[in-house]
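Read through the structure below, which is laid out as structure tokens, and then see the notes.
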Amino acid sequence: MATTLRMGLPALTTSLGLLFMAGAAALLFAAQPRTAPSLIPLPQTAIVPPMTMTHRLDGEYLRAGRPVDAPRVSVQIDKPLVIMRYQVTVADYTRCVAAGACKPLDARNARGDLPATGVSHGDASDYASWLSHETGMAWRLPTDREWAHAAGTRFIDDARGFDPENTNPARRWLADYDREAARKAASDAVPRPIGSFGANEHGVHDMAGNVWEWTQSCLRRVTLDAGGRLTGETKNCGAYVVEGQHRAVMTSFIRNPKSGGCSVGTPPDNLGFRLVKEQRWQDRVPAGLRRLLPA
Numbered sequence: 408m409a410t411t412l413r414m415g416l417p418a419l420t421t422s423l424g425l426l427f428m429a430g431a432a433a434l435l436f437a438a439q440p441r442t443a444p445s446l447i448p449l450p451q452t453a454i455v456p457p458m459t460m461t462h463r464l465d466g467e468y469l470r471a472g473r474p475v476d477a478p479r480v481s482v483q484i485d486k487p488l489v490i491m492r493y494q495v496t497v498a499d500y501t502r503c504v505a506a507g508a509c510k511p512l513d514a515r516n517a518r519g520d521l522p523a524t525g526v527s528h529g530d531a532s533d534y535a536s537w538l539s540h541e542t543g544m545a546w547r548l549p550t551d552r553e554w555a556h557a558a559g560t561r562f563i564d565d566a567r568g569f570d571p572e573n574t575n576p577a578r579r580w581l582a583d584y585d586r587e588a589a590r591k592a593a594s595d596a597v598p599r600p601i602g603s604f605g606a607n608e609h610g611v612h613d614m615a616g617n618v619w620e621w622t623q624s625c626l627r628r629v630t631l632d633a634g635g636r637l638t639g640e641t642k643n644c645g646a647y648v649v650e651g652q653h654r655a656v657m658t659s660f661i662r663n664p665k666s667g668g669c670s671v672g673t674p675p676d677n678l679g680f681r682l683v684k685e686q687r688w689q690d691r692v693p694a695g696l697r698r699l700l701p702a
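First residue of the sequence shown: 408, per our numbering; consecutive thereafter.
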């Protein structure tokens with residue numbers, strides 16, 4: 408005897424709804440333009456593990472009206488950081504220029520394996536937006552803290568190391584003079600091919616070489632009272648922290664650090680950049696389908 412399956416109204420409604428949704432999804436998929444996979448080579452990346460690190464905060468600090476070193480704090484990094492092993496090269500940047508998404512470099516006919524230098528903060532941000540669009544991944548400039556995390560033992564803490572209780576400004580002025588003289592003597596303005604300065608313990612190359620790197624950290628000015636308690640903080644996002652052999656601050660539109668725009672001290676030899684990759688759930692989707700997802 409044949410058995411007749413009876414479907415109640417709620418079940419029938421649910422089934423029809425699922426069928427409708429499946430059909431709509433199929434039509435939507437079919438209607439999507441077929442974009443050819445990007446031919447851009449993906450950057451080589453390193454994964455820097457979570458850790459607890461001691462970090463010298465960025466920013467200009469005043470205590471009771473006198474300049475002092477920024478404090479060192481213990482920072483807990485909870486997530487791994489995915490960062491480019493090498494700085495963005497001339498060849499990499501030229502692809503963005505060819506696509507009409509980046510401004511040309513001032514230096515023409517440079518070797519493709521050299522780091523792209525003479526780039527402003529805006530240029531670096533434009534490249535990050537273009538690379539994100541082309542690869543379907545989220546790329547951006549690192550924060551100052553992320554850069555220090557990736558630099559590991561290559562991070563140079565160039566604080567003066569004075570006791571904040573010391574009220575003699577002459578000692579600080581003399582230390583500044585000696586430090587700036589040493590920096591000028593060590594200046595090396597000729598960019599080297601990527602990899603020339605070696606890798607750190609995380610496999611990240613050329614940290615603290617002769618190309619300083621833009622971050623997304625705005626200039627901070629912090630005021631403390633005589634007891635070291637915070638009394639105020641301002642941010643100026645027309646200028647950003649750059650990291651390298653020493654920490655500096657550059658105006659966002661500056662391409663040539665020697666032309667001005669450095670808030671204080673010896674300017675960097677060159678300005679370049681590398682990017683970090685955000686970890687998103689979309690990145691687990693196969694590349695062919697990821698390009699169909701909304702931005």
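Backbone N, C-alpha and C fix where the C-beta goes; we use that ideal spot for every residue, glycine too.
All figures in this text were calculated on a predicted structure; none of them were measured in a lab.
- For TYR500 against TYR534, the beta-carbon gap comes to about 6 Å, under 8 Å, which counts as contact.
- If you look at VAL504, you'll find it in the alpha helix (DSSP H) that goes 497-505.
- Per DSSP, SER659 lies in no beta strand (DSSP E) segment and is marked neither H nor E.
- Annotated three-state conformation of LEU469 is strand, per DSSP.
- Counting C-beta atoms within 10 angstroms of its own C-beta, MET458 has fewer than 16 neighbours from the protein chains shown and is therefore classed as exposed.
- A Cβ-Cβ separation of about 5 Å places ARG681 in contact with GLN494 under the 8 Å criterion.
- Closest by C-alpha distance to ASP565, out of GLY679, ILE447, LEU464 and ILE454, is LEU464.
- DSSP places LEU449 outside any alpha helix (DSSP H), giving it a letter other than H or E.
- Within the DSSP secondary-structure output, GLN494 pairs in no beta bridge.
- Exclusion of the five residues before and after PRO450 leaves MET491 as the residues of its chain whose Cβ lies within less than 6 Å of its Cβ.
- Apart from sequence neighbours up to five positions away, the residues of its chain that approach ALA531 with a beta-carbon distance below 7 Å are LEU548, TRP621 and PHE680, ordered along the chain.
- For ALA633, there is no enclosing beta strand (DSSP E), as DSSP marks it with neither H nor E.
- Counting of Cβ neighbours within 10 angstroms places PHE660 among the exposed residues, the total staying below 16.
- In this structure, VAL497 is the residue among VAL497, GLY543, LYS684 and GLU541 with its C-alpha nearest to the C-alpha of THR524.
- Among the bridge pairs identified by DSSP, LEU488 is matched with VAL455.
- Taking all protein chains in view, the Cβ of ASN607 is crowded by 16 or more other Cβ atoms within 10 Å, so the residue is classified as buried.
- Shown here for SER527: same chain residues with a beta carbon closer than 7 Å to its own, the five before and five after excluded, namely SER659, PHE660, ILE661 and ARG662 in chain order.
- In the structure shown, LEU678 adopts extended strand secondary structure according to DSSP, grouped into three states.
- With fewer than 16 other beta carbons inside 10 angstroms of its own, VAL597 counts as exposed.
- Apart from the 5 residues on each side of it in sequence, ILE563 sits with its Cβ closer than 7 Å to the Cβ of ALA615, GLN652 and HIS653 in its chain, given in chain order.
- Per DSSP, ARG552 is one residue of the alpha helix (DSSP H) stretching across 551-558.
- A check of alpha carbon separations from TRP546 across GLN623, VAL482, ARG473 and SER481 identifies GLN623 as the nearest.
- For THR542, the enclosing alpha helix (DSSP H) has its first and last residue at 528-542.
- Excluding the 5 residues flanking it on each side, ALA555 has same chain C-beta neighbours closer than 6 Å at HIS462 and PHE562, in chain order.
- In this structure, the straight-line span from the alpha carbon of PHE604 to that of ASP520 is close to 14 Å.
- A residue is called buried once 16 or more other Cβ atoms fall within 10 Å of its Cβ, and GLU650 is buried on that count.
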